[in-house]
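Student: Take the sequence shown: its letter number 86 is residue 86 in my numbering, and every next letter is one higher. Using N, Cα and C, we set each Cβ at its ideal position, and we do this for glycine too. These figures come from a predicted structure and were not determined experimentally.
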Amino acid sequence: MKPALEVTGLGVRYRRTWALRDCSLSVPAGRVAALVGPNGAGKTTLMHAAVGLLRPETGSVRVAGEVAFVAQDKPLYDGFTVAEMLAFGRRLNRRWDDGAARRRLAGLGIPLDRKVGRLSGGQQAQVAVTLAVAACPDLLVLDEPLANLDPLARHDVMRSIMAEVAGRELTVLLSSHVVSDLEETCDWLILLNGGRLQVSGDIEELLDGHHVLTGPEQASPAGADAVSVSRTGRQVTMLVRGGPPLDPRWQARRPGLDELVMGYLRSPESGALPGLAEVRA
Ligand SMILES: Nc1ncnc2c1ncn2[C@@H]1O[C@H](COP(=O)(O)OP(=O)(O)OP(=O)(O)O)[C@@H](O)[C@H]1O
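Right, here's the structure in full:
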């Protein structure tokens, strides 16, 4: 199956500063991909390149089908009612499912006659997602859709995105700083750090392919492929690629998504990047 998003050798720079360098990744169709990384890592830049908002300096980006984008600062007009925003979207988009958008808003209890500026942050995020989904995209790109939302609203927005993915063939790329928000929903991880791609792959495979080892301070697990090491008192905790060591002094367990992400962020020179040919649908 053709990937929904294919990025090859992507490099983007703003004047003299490279925001992204040599970035190659591929997201299979139907996946919900989490794009994570510290401030300034290049997440927004990658998204802008994916939706064609900027021209790369090197490499290329290919999207299979139509793409819809919700920018970080939610492109809504405060003085418009929700119904007027729908009318605006209908006029701007070739493919537009007005019925689905109205049903979605009704299901969320968002009144059509309410001015957007009078909606809560969570409702505004839901309207922005509804407008993007109504355009019937093949790839939905969301730049920090959960920013400034309380935990309940974050959960509701993620659940509503999941409902869209379950309903039809849709691929989602969404950025967030809160990894715990992504664990339930996302099945693909893309980690950027300092403009470089560090991790890209299926989340279950990545978690299966790593272990967290805990052991005594002086010991060093023979043959372990360490991603990062941290010390607390007399204990050493390591994130390693591959299976657990045979040495009985080390306790091994499967990492959580947050531990995997933190392990790589702590060690920007490490990477877990399958070759593009290995990406499976
Ligand atoms: N318009 C611009 N002009 C100059 N430099 C820019 C511009 N936009 C981004 N940059 C720089 O490019 C790098 C990547 O920025 P980008 O916004 O893509 O990061 P990000 O991962 O989305 O960050 P955040 O999590 O803070 O939103 C940063 O060093 C940033 O300062």
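In the DSSP output, which residue or residues are listed as bridge partners for M238?
Tutor: To locate residue 238, count along the sequence shown from 1; it is residue 238. Bridge partners of M238: L213, V229.
Student: Closest to A41 by CA distance: which of S176, R241, L92 is it?
Tutor: Here the question's residue 41 lines up with position 41 in the sequence shown. Measuring from the Cα of A41, the nearest candidate turns out to be S176.
Student: Give the C-beta separation of W96 and R90 to the nearest angstrom, bearing in mind that I take them to be a contact with Cβ-Cβ under 8 Å.
Tutor: For this step, residue 96 is matched to residue 96 along the sequence shown. For this step, residue 90 is matched to residue 90 along the sequence shown. That belief holds up - the Cβ atoms of W96 and R90 are roughly 5 Å apart, short of 8 Å.
Student: Give the straight-line distance between the Cα atoms of R62 and P248, rounded to the nearest whole angstrom.
Tutor: One-based indexing of the sequence shown puts residue 62 at position 62. One-based indexing of the sequence shown puts residue 248 at position 248. If I take the Cα positions, the gap works out to 48 Å.
Student: Give the single residue among R159, G30, L46 whose Cα lies nearest to the Cα of R13.
Tutor: Counting from 1 along the sequence shown, the entry for residue 13 is found at position 13. Comparing Cα positions, the closest option is L46.
Student: Determine, using beta carbons only, whether V133 and E164 come nearer to each other than 7 Å.
Tutor: Position 133 of the sequence shown, counting from 1, holds the residue named residue 133. Position 164 of the sequence shown, counting from 1, holds the residue named residue 164. For V133 and E164, yes; Cβs fall inside 7 Å.
Student: What residue range is occupied by the uninterrupted alpha helix (DSSP H) comprising A344?
Tutor: With the chain covering only 1 through 281, there is no way to say anything about residue 344.
Student: Using a threshold of 7 Å, state whether the C-beta atoms of G271 and S228 are closer than that.
Tutor: In the sequence shown, the residue the question calls residue 271 occupies position 271. In the sequence shown, the residue the question calls residue 228 occupies position 228. Cβ distance not < 7 Å, so G271 and S228 don't count as in contact.
Student: Taking only heavy atoms of ligand 1 into account, decide whether any of them is closer than 6 Å to the Cβ of A355.
Tutor: With the chain represented from 1 up to 281, any question about residue 355 goes unanswered, as that position is not in the structure.
Student: For the beta strand (DSSP E) containing Y14, list its first residue and its last residue.
Tutor: As a working note, residue 14 is residue 14 in the sequence shown. Segment 3-14, the beta strand (DSSP E) holding Y14.
Student: Would you check whether ligand 1 has a heavy atom nearer than 6 Å to the C-beta of Y264?
Tutor: Position 264 of the sequence shown, counting from 1, holds the residue named residue 264. No.
Student: Between D225, L257, D78, K115, which lies nearest to D187 when the distance is taken from Cα to Cα?
Tutor: Position 187 of the sequence shown holds residue 187. Minimum Cα distance to D187 is reached at L257.
Student: Could you check if Q235 is buried or exposed, using at least 16 other CB atoms within 10 Å of its CB as the buried criterion?
Tutor: On the sequence shown, position 235 is the one that residue 235 refers to. Exposed.
Student: Per DSSP, what kind of secondary structure is I291 in: helix, strand or coil?
Tutor: Nothing about residue 291 can be read from this structure; the chain reaches only from 1 to 281.
Student: Candidates L139, P75, N93: which alpha carbon is nearest G121's?
Tutor: Here residue 121 is taken as the residue at index 121 of the sequence shown, counted from 1. Here the closest residue by C-alpha is P75.
Student: Taking 6 Å as the line, does the beta carbon of A318 fall inside it for any heavy atom of ligand 1?
Tutor: Since the first and last residues shown for the chain are 1 and 281, residue 318 lies out of range.
Student: Check the C-beta distance from A222 over to P245 and give it rounded, since I have them as a contact under 8 Å.
Tutor: Position 222 of the sequence shown, counted from the first residue, corresponds to residue 222. Position 245 of the sequence shown, counted from the first residue, corresponds to residue 245. About 6 Å separates the beta carbon of A222 from that of P245, a gap short enough to meet the 8 Å contact definition.
Student: Is G42 near ligand 1, with its Cβ less than 6 Å from a heavy atom?
Tutor: Looking up residue 42 in the sequence shown gives position 42. Yes, since a heavy atom of ligand 1 falls inside the 6 Å radius drawn around the Cβ of G42.
Student: By Cβ distance, which residues of its chain are closer than 6 Å to N93, with the 5 residues on each side in sequence left out?
Tutor: Position 93 of the sequence shown, counting from 1, holds the residue named residue 93. Within the same chain, N93 has close Cβ partners A135.
Student: Taking just the CA atoms, how far does P56 sit from R253?
Tutor: Numbered from its first residue, the sequence shown carries residue 253 at position 253. Numbered from its first residue, the sequence shown carries residue 56 at position 56. Near 41 Å, if we compare the C-alpha coordinates of P56 and R253.
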